[in-house]
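Novice: Attaching a single structure in structure tokens format; questions to follow.
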Amino acid sequence: MTVLLPKSAPRRALLRGLLGGGATTLALPFLDCFLDGNGTALAAGAALPVRFGTWFWGLGHTPGFGVTDKKASGPGIDFLTECQALIPHKDKINYFGYFNTPLDGRSNYTHFSGWVGSRTGTAPVTGDEVPAPTFDLLIADVIGTRSRFKTIDVSATGNPRDSYSARNTNSRSAAEVSPISFYARLFGPEFVDPNKGDFTPDPRIMLRQSVLSSVAEDRQKLTKLVGASDKAQLDEYFTSIRELEGQLALQLQKPEPNLACQLPPKPAETNIDGQATGVLIDTVKSNHAAFAKLMAMAVACNQAATFNMVFSASLSQLRKAGESANHHSLSHEEPRDPKIGCQPQTSWFNARSMDALAVFVDAFAGIREGAGTLLDNTLIFAGSETSFARVHSVDNIPVMTVGKAGGRIKTGMHIVGNGDPITRIGLTMMKVMGVQVDKWGTKSLQTGKTINEILV
Numbered sequence: 016m017t018v019l020l021p022k023s024a025p026r027r028a029l030l031r032g033l034l035g036g037g038a039t040t041l042a043l044p045f046l047d048c049f050l051d052g053n054g055t056a057l058a059a060g061a062a063l064p065v066r067f068g069t070w071f072w073g074l075g076h077t078p079g080f081g082v083t084d085k086k087a088s089g090p091g092i093d094f095l096t097e098c099q100a101l102i103p104h105k106d107k108i109n110y111f112g113y114f115n116t117p118l119d120g121r122s123n124y125t126h127f128s129g130w131v132g133s134r135t136g137t138a139p140v141t142g143d144e145v146p147a148p149t150f151d152l153l154i155a156d157v158i159g160t161r162s163r164f165k166t167i168d169v170s171a172t173g174n175p176r177d178s179y180s181a182r183n184t185n186s187r188s189a190a191e192v193s194p195i196s197f198y199a200r201l202f203g204p205e206f207v208d209p210n211k212g213d214f215t216p217d218p219r220i221m222l223r224q225s226v227l228s229s230v231a232e233d234r235q236k237l238t239k240l241v242g243a244s245d246k247a248q249l250d251e252y253f254t255s256i257r258e259l260e261g262q263l264a265l266q267l268q269k270p271e272p273n274l275a276c277q278l279p280p281k282p283a284e285t286n287i288d289g290q291a292t293g294v295l296i297d298t299v300k301s302n303h304a305a306f307a308k309l310m311a312m313a314v315a316c317n318q319a320a321t322f323n324m325v326f327s328a329s330l331s332q333l334r335k336a337g338e339s340a341n342h343h344s345l346s347h348e349e350p351r352d353p354k355i356g357c358q359p360q361t362s363w364f365n366a367r368s369m370d371a372l373a374v375f376v377d378a379f380a381g382i383r384e385g386a387g388t389l390l391d392n393t394l395i396f397a398g399s400e401t402s403f404a405r406v407h408s409v410d411n412i413p414v415m416t417v418g419k420a421g422g423r424i425k426t427g428m429h430i431v432g433n434g435d436p437i438t439r440i441g442l443t444m445m446k447v448m449g450v451q452v453d454k455w456g457t458k459s460l461q462t463g464k465t466i467n468e469i470l471v
């Protein structure tokens, strides 16, 4: 018979332990029993790590102005007007076209269903539901324990809510929006330079690790008292703590020398205006350029093995100085120019997004690592939430991967999906990054078919 803690238990109980003769405590999450009924090789011989990240931009491409269509998969990507900046990098990129996002009769929640379906494998039931973890977190669960931070999230827009990484509806990652704060977080007092000869563990980290470990006896007693639901919640909570312990333990060890890791200069602060009409694109570009350099060096210095970068939000509010119309409003209101065949200002913003992606790729490609570059040992998923913003289409959403994932994938390929679910891309990436998964997604988005054309 399961014995439950009495309902008169404190609203938030504490686990207690001892550390050096002194008492330590660890707060618990809200359990059911507390609520009412409504409630290449490194020096040591290990292979160079392979990292994974995502890069997001809003409002996709104009059909016929991003990439030339192909009838069959094969080598060679023909980038058009909106993607001119990517031409120098085309041999490092794979482009995926005509993969669809079937919604199985559910509503197309504009600027939402596309990214949720492609990143979680499930179409949302409501306009704010994230029904499953995004694939970046499933990958982070596998590779994120070997770095200081399990994953890092940044947004150039100035809004921490512009994030497309989530464990569920109520657990959406908050993005870092200040380059200076990001720099301090990465390379502040707790940063350990792997190329320095001396190494002294930070006693504050030693203390935190010991505090986490000291409540083991109390924890074991508690798990014997609670019901199945609370036991599952506690297991998830303590698993998170064990992961944190592992990451703290890394900071108590001298890191391997890494010539790719060079302490970057502190960036200048950029201010996001935050006006209701949108954010200035020049400010966002400056913010993004600073983040790109910091992110690349953070990854090179093993601060994180997984990361997420947002250039513009799914409801892109980018605007030019002196103009009130922003990228999103233009995508619906700007007339099509019959001479050039597109909405010229909207297409201009689309092209600036690809300029920014080129800047991000340059940052990773510019860091030498082993016999190649940091980009060679990284896999970046670059995607949007819609294909043609004017009609909110979630079929043929533009998706690219950048980098060779440590030699695990081929690049320079244009892959034609022929209407297959877009989840084939996510499944392939997860398998490349070591996630043990045979099928991914639900209903019409479920797939067990990888994209073998890019696999080595």
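The numbering of the sequence shown is this note's numbering, which starts it at 16 and goes up by one. A virtual CB, placed ideally from N, CA and C, is assigned to each residue, including glycine.
Indicate the three-state DSSP secondary structure (helix, strand or coil) for Cys-276 in the structure shown.
Specialist: Stepping through the sequence shown from its first residue, residue 276 is reached at position 261. Reduced to three states, the DSSP call for Cys-276 is coil.
Novice: Straight-line CA distance for Lys-308 to Thr-135?
Specialist: Here the question's residue 308 lines up with position 293 in the sequence shown. Here the question's residue 135 lines up with position 120 in the sequence shown. C-alpha separation (whole angstroms): 28 Å.
Novice: Give me the residue from Trp-70, Ala-87, Asp-143, Asp-168 with the minimum Cα distance to Tyr-198.
Specialist: Translated into positions along the sequence shown, residue 198 becomes position 183. Cα-wise, what sits closest to Tyr-198 is Asp-168.
Novice: Taking 8 Å as the limit between beta carbons, can you name the residues of its chain near Thr-549, skipping five residues before and five after?
Specialist: Since the first and last residues shown for the chain are 16 and 471, residue 549 lies out of range.
Novice: Alpha carbons only, please: which of Gly-81, Ile-154, Gly-432 is nearest the one belonging to Trp-363?
Specialist: For the purposes of this step, residue 363 is taken as the residue at position 348 of the sequence shown. It is Gly-81.
Novice: Nearest to Ala-189 by CA position, among Cys-357, Phe-322, Gly-449, is which residue?
Specialist: Taking the sequence shown and counting its residues from 1, the one referred to as residue 189 is at position 174. Measuring from the Cα of Ala-189, the nearest candidate turns out to be Phe-322.
Novice: Whole angstroms is fine: what's the gap from Thr-141's alpha carbon to Thr-184's?
Specialist: In the sequence shown, the residue the question calls residue 141 occupies position 126. In the sequence shown, the residue the question calls residue 184 occupies position 169. Spanning the two alpha carbons is a distance of roughly 10 Å.
Novice: Go to Gly-68, then tell me how far its beta strand (DSSP E) extends in each direction, as first and last residue.
Specialist: Within the sequence shown, the letter at position 53 stands for residue 68. From DSSP, the beta strand (DSSP E) with Gly-68 extends over 66-71.
Novice: Looking at the structure shown, is Ser-170 part of a helix, part of a strand, or coil, going by DSSP?
Specialist: Residue mapping note: residue 170 aligns to position 155 of the sequence shown, counting from 1. Note: Ser-170 maps to strand in three-state DSSP.
Novice: From Ser-23 to Val-241, what distance separates their C-alpha atoms?
Specialist: Position 8 of the sequence shown, counted from the first residue, corresponds to residue 23. Position 226 of the sequence shown, counted from the first residue, corresponds to residue 241. Summary for Ser-23: the model assigns pLDDT 38, below 50, so the residue's position carries little reliability; its value from the coordinates is reported in the next sentence. The alpha-carbon atoms of Ser-23 and Val-241 are separated by roughly 14 Å.
Novice: Does DSSP put Arg-367 in a helix, in a strand, or in coil?
Specialist: For the purposes of this step, residue 367 is identified with residue 352 of the sequence shown, where counting begins at 1. In the structure shown, Arg-367 sits in a helix (DSSP, three-state: H, G or I).
Novice: To which residues does DSSP link Leu-390 through a beta bridge?
Specialist: Stepping through the sequence shown from its first residue, residue 390 is reached at position 375. None; Leu-390 has no bridge partner.
Novice: With a threshold of 7 Å on Cβ separation, who are the neighbours of Asp-370 within its own chain once the five nearest residues in sequence on each side are excluded?
Specialist: What you label residue 370 is simply residue 355 of the sequence shown in a count that begins at 1. Around Asp-370: Ala-100.
Novice: What is the DSSP secondary structure of Asp-93, reduced to helix, strand or coil?
Specialist: The sequence position of residue 93 within the sequence shown is 78, counting from 1. Here Asp-93 sits in coil by DSSP.
Novice: Helix, strand or coil, according to DSSP, for Tyr-110 in the structure here?
Specialist: On the sequence shown, residue 110 is found 95 positions in, with the first residue counted as 1. If DSSP states are grouped into helix, strand and coil, Tyr-110 belongs with the strands.
Novice: Would you please state the rounded distance, in angstroms, between the beta carbons of His-76 and Ser-329? I believe it to be under 8 Å.
Specialist: Walking along the sequence shown from the start, residue 76 turns up at place 61. Walking along the sequence shown from the start, residue 329 turns up at place 314. Actually they do not touch by this definition, with Cβ atoms about 14 Å apart.
Novice: For Gly-398, list the residues DSSP reports as bridge partners.
Specialist: Taking the sequence shown and counting its residues from 1, one reaches residue 398 at position 383. Gly-398 pairs with Phe-71, Val-414.
Novice: DSSP state of Ile-154, grouped into three classes?
Specialist: Position 139 of the sequence shown, counted from the first residue, corresponds to residue 154. Of the three classes helix, strand and coil, the one that applies to Ile-154 here is helix, per DSSP.
Novice: Taking Ser-6 as the reference, which of Ser-193, Asn-115, Thr-96, Asp-93 has the closest Cα?
Specialist: Given that the chain is displayed from residue 16 to residue 471, the structure contains no residue 6 and the question cannot be resolved.
Novice: With a 10 Å radius around its C-beta and 16 neighbouring C-beta atoms as the bar for buried, classify Lys-467 as buried or exposed.
Specialist: Taking the first residue of the sequence shown as 1, we reach residue 467 at position 452. Reading off the sequence shown, one finds Asn at residue 467, where the question assumed Lys. Taking all protein chains in view, the Cβ of Asn-467 is surrounded by fewer than 16 other Cβ atoms within 10 Å, so the residue is classified as exposed.
Novice: Have a look at Arg-182, Leu-389, Ser-344, Asp-391 and flag the residue whose alpha-carbon is nearest the alpha-carbon of Thr-166.
Specialist: The sequence position of residue 166 within the sequence shown is 151, counting from 1. Residue Arg-182 is the option with its Cα nearest to Thr-166.
Novice: For Arg-66 versus Ala-397, is the C-beta distance shorter than 9 Å?
Specialist: Here residue 66 is taken as the residue at index 51 of the sequence shown, counted from 1. Here residue 397 is taken as the residue at index 382 of the sequence shown, counted from 1. No, the pair does not count as a contact, with Cβ atoms beyond the cut-off.
Novice: Just to confirm the assignment, what range does the alpha helix (DSSP H) spanning Arg-134 have?
Specialist: Position 119 of the sequence shown, counted from the start, is the residue given in the question as residue 134. 128-135 is the span of the alpha helix (DSSP H), which, as asked, contains Arg-134.
Novice: Just grab the DSSP bridge partners of Cys-98 for me.
Specialist: Looking up residue 98 in the sequence shown gives position 83. Answer is none; Cys-98 lacks a bridge partner.
Novice: Which whole-angstrom value is the C-beta distance of Tyr-110 and Met-415, which I expect to be below 8 Å?
Specialist: In the sequence shown, the residue the question calls residue 110 occupies position 95. In the sequence shown, the residue the question calls residue 415 occupies position 400. At roughly 5 Å, the Cβ-Cβ gap stays under 8 Å, so Tyr-110 and Met-415 are in contact.
Novice: Identify, in the order they occur along the chain, each residue of the same chain with its Cβ nearer than 7 Å to the Cβ of Phe-94, setting aside the five sequence neighbours on each side.
Specialist: Working through the sequence shown from its first residue, we reach residue 94 at position 79. Result list for Phe-94: Val-82, Leu-101, Ile-102, Lys-105, in chain order.
Novice: If we ignore side chains and look at the alpha-carbon of each, how far apart do Phe-253 and Gly-421 end up?
Specialist: Taking the first residue of the sequence shown as 1, we reach residue 253 at position 238. Taking the first residue of the sequence shown as 1, we reach residue 421 at position 406. Straight-line Cα distance between these residues: approximately 33 Å.
Novice: Rounded to a whole number of angstroms, what is the C-alpha to C-alpha distance between Ala-155 and Arg-334?
Specialist: Residue 155 sits at position 140 when you count from the first residue of the sequence shown. Residue 334 sits at position 319 when you count from the first residue of the sequence shown. For Ala-155 and Arg-334, the distance between alpha carbons rounds to 34 Å.
Novice: Would you call the segment 340-360 in contact with the segment 232-240, where contact means no fewer than 3 C-beta pairs closer than 8 Å?
Specialist: The segment 340-360 makes no contact with the segment 232-240, as fewer than three CB pairs between them are under 8 Å.
Novice: Nearest to Arg-383 by CA position, among Thr-401, Gly-427, Cys-276, Leu-372, is which residue?
Specialist: The count along the sequence shown starts at 1 and reaches residue 383 at position 368. Per the Cα distances, Cys-276.
Novice: Which residues in the same chain have their Cβ closer than 8 Å to the Cβ of Ile-158, if we skip the five residues on either side of it in sequence?
Specialist: Translated into positions along the sequence shown, residue 158 becomes position 143. In the same chain as Ile-158, and ignoring 5 residues on each side of it, the C-beta atoms closer than 8 Å to its own belong to Pro-64, Val-65, Arg-66, Phe-67, Ala-320, Thr-321, Met-448, Gly-449, in chain order.
Novice: Report, in whole angstroms, the separation of the C-beta atoms of Ser-170 and Asp-177, which I expect to be a contact under 8 Å.
Specialist: Numbered from its first residue, the sequence shown carries residue 170 at position 155. Numbered from its first residue, the sequence shown carries residue 177 at position 162. Between Ser-170 and Asp-177 a beta carbon distance of about 4 Å is seen, short of the 8 Å cut, so the two are scored as contacting.
Novice: Between Lys-315 and Ala-378, what straight-line distance do the alpha-carbon atoms span, to the nearest angstrom?
Specialist: Within the sequence shown, the letter at position 300 stands for residue 315. Within the sequence shown, the letter at position 363 stands for residue 378. One point to set straight first is that residue 315 is Ala, not Lys, in the sequence displayed. Between Ala-315 and Ala-378, the C-alpha separation is close to 11 Å.
Novice: Specify, as a first and last residue, the run of the alpha helix (DSSP H) that Val-314 falls within.
Specialist: Reading the sequence shown from its first residue, position 299 is the one you call residue 314. That run of the alpha helix (DSSP H) goes 296-315.
Novice: Of all the alpha helix (DSSP H) runs that stay within the bounds of the segment 327-374, which reach a length of 4 or more residues?
Specialist: 342-348
Novice: Which residue marks the beginning of the alpha helix (DSSP H) containing Arg-182, and which one marks its end?
Specialist: Within the sequence shown, residue 182 is the residue found at index 167, counting from 1. Not the alpha helix (DSSP H): Arg-182 falls in the beta strand (DSSP E), residues 181-183.
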